[in-house]
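S.K.: What follows is a single structure, and I will ask about it in a moment.
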Amino acid sequence: MFWKRSLSLQARETRDAYIGLLPFLLGFVIFTAGPLIYSFYLSFTRYDILSAPRWSGFENYARMASADETLWQSLRVTVIYTMVAVPVQVIVGYAMALLLNLKVKGLSFWRTAFYMPAVVPAMAVAYVFSWMLQSDVGLLNQSLRAIGLPGPKWFGDPNWVLAAFILMSAWAVGGTLLLYLSALQGVPTELYDASKVDGANAWRRFLNVTLPMTSPVIFFVFLTGMIGTFQVFTVAFVTTNGGPGEASLFYLLYLYRTGWEYLQMGYAAAMAWLLFVILLVITLLSLRLSRTTVFYEGAQE
34 MFWKRSLSLQ ARETRDAYIG LLPFLLGFVI FTAGPLIYSF YLSFTRYDIL SAPRWSGFEN
94 YARMASADET LWQSLRVTVI YTMVAVPVQV IVGYAMALLL NLKVKGLSFW RTAFYMPAVV
154 PAMAVAYVFS WMLQSDVGLL NQSLRAIGLP GPKWFGDPNW VLAAFILMSA WAVGGTLLLY
214 LSALQGVPTE LYDASKVDGA NAWRRFLNVT LPMTSPVIFF VFLTGMIGTF QVFTVAFVTT
274 NGGPGEASLF YLLYLYRTGW EYLQMGYAAA MAWLLFVILL VITLLSLRLS RTTVFYEGAQ
334 E
């Protein structure tokens, strides 16, 4: 009798657990798994939204590999932007955190001041920088002319437009700054004391203590920054819409055009899966590299 009661109680707990999981499972199937499977199917079809999808096999993927020069241009723009913007975000955020980690007055104020730009919507940031970087009346060019330097046509010059987007990316380093600051304040002071006893100067303490102990956060910022820069859309859509020419045609912007302007939704789905594969490869390679470059406390024990 006790075994039956115990089994009945266990069965009720199992049932309640499944009931509790049901909303999540339904949401996952409807909003995540379902769309993923359907988009994978669409990537093998010709689909223009106005008519039913028609199976086309690997036609979309073959087109990406050989016939679509615009796709490779968008990838080139995105890769160049990523190679510059990510190091800028990592280095600027880390340098600012090092400064704030010093015993400065009003630390809470500075934390808030530097973090505020990170919570401003991307649309608002795009409009603000559209004004600040105007070639004639923009704040930055006026400041440059005041000291006798000619200001470039930021959004109107193919040679300068990516620099404008890199400036915008540096604007929102406040979020990473707080991560860095938290990591810096978590470094045990005993390590600094021991290194001082060993005769290490400030630079050696930074290389041998600060940098290794904060390397997991640096790696996290680097990896999420790589993923984020490959998904630039809003600021490019609002400011340049890919221009001048195709100098700022980021990958997601071209994907959007393909699906919603050219109504080639099947090809856009294939482009989305290509982006997924690219980001997956970047993530796996980064994780493998982190085994030898990132120090995790206690991992060697």
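My numbering puts the sequence shown at residues 34 to 334.
Note that the Cβ used here is the ideal one computed from N, Cα and C, for glycine as well.
Predicted model, so just to flag it, every value in this text is computed and none were measured.
(1) Out of LYS229, SER281, THR267, which one is the CA nearest neighbour of ALA197?
(2) Report the partner residues of TRP88 according to the DSSP bridge assignment.
(3) Does ILE180 come out as helix, strand or coil in the three-state DSSP assignment?
(4) Report the three-state DSSP secondary structure of PRO191 (helix, strand or coil).
(5) Taking the CB atoms as reference points, tell me whether ALA233 and SER72 lie closer together than 8 angstroms.
(6) In chain order, which continuous runs of the alpha helix (DSSP H) of length 4 or greater are located wholly inside the region 221 to 264?
(7) With H, G and I counted as helix, E and B as strand and the rest as coil, what does DSSP make of GLN218?
(8) Is DSSP giving ASN14 helix, strand or coil here?
(9) Three or more beta-carbon pairs under 8 angstroms between the region 224 to 243 and the region 308 to 318, yes or no?
(10) Check ALA100 in the structure and name its three-state DSSP category.
(11) What alpha helix (DSSP H) runs, 4 residues minimum, are completely inside the region 148 to 174?
(12) With 16 other CB atoms within 10 Å as the buried threshold, where does TRP105 fall?
(13) CA-CA distance, GLN175 and PHE162?
(14) Just checking, does the region 91 to 106 make contact with the region 321 to 328 on the three C-beta pairs under 8 angstroms criterion?
(15) State buried or exposed for VAL119, treating a residue as buried only when at least 16 other CB atoms are found within 10 Å of its CB.
(16) According to the neighbour-count rule (16 or more other Cβ atoms, all chains shown, within 10 Å of its Cβ), is ALA50 buried or exposed?
(17) Figure out for me which residue from LEU317, LEU318, SER248 has the closest Cα to the Cα of ILE124.
(18) Hey, out of GLY299, ARG321, MET156, THR267, whose CA is closest to SER84's CA?
(19) Do you know how far the Cα of LEU54 is from the Cα of PHE35?
(20) In chain order, what residues of the same chain lie with their CB nearer than 7 angstroms to the CB of PRO150, ignoring the 5 residues before and after it?
(21) Identify which residue in PHE188, VAL170, ILE199 has its Cα closest to the Cα of GLY261.
M.R.: Let's see:
(1) SER281
(2) THR78
(3) coil
(4) coil
(5) no
(6) 222 to 230, 235 to 238, 244 to 262
(7) helix
(8) Nothing about residue 14 can be read from this structure; the chain reaches only from 34 to 334.
(9) no
(10) coil
(11) 155 to 165
(12) exposed
(13) 14 angstroms
(14) no
(15) buried
(16) exposed
(17) SER248
(18) GLY299
(19) With a pLDDT of 46 at PHE35, under the threshold of 50, the modelled position of that residue is not reliable, and the figure given next carries that caveat. So the two alpha carbons sit approximately 28 angstroms from each other.
(20) TRP204, ALA205, GLY207
(21) ILE199
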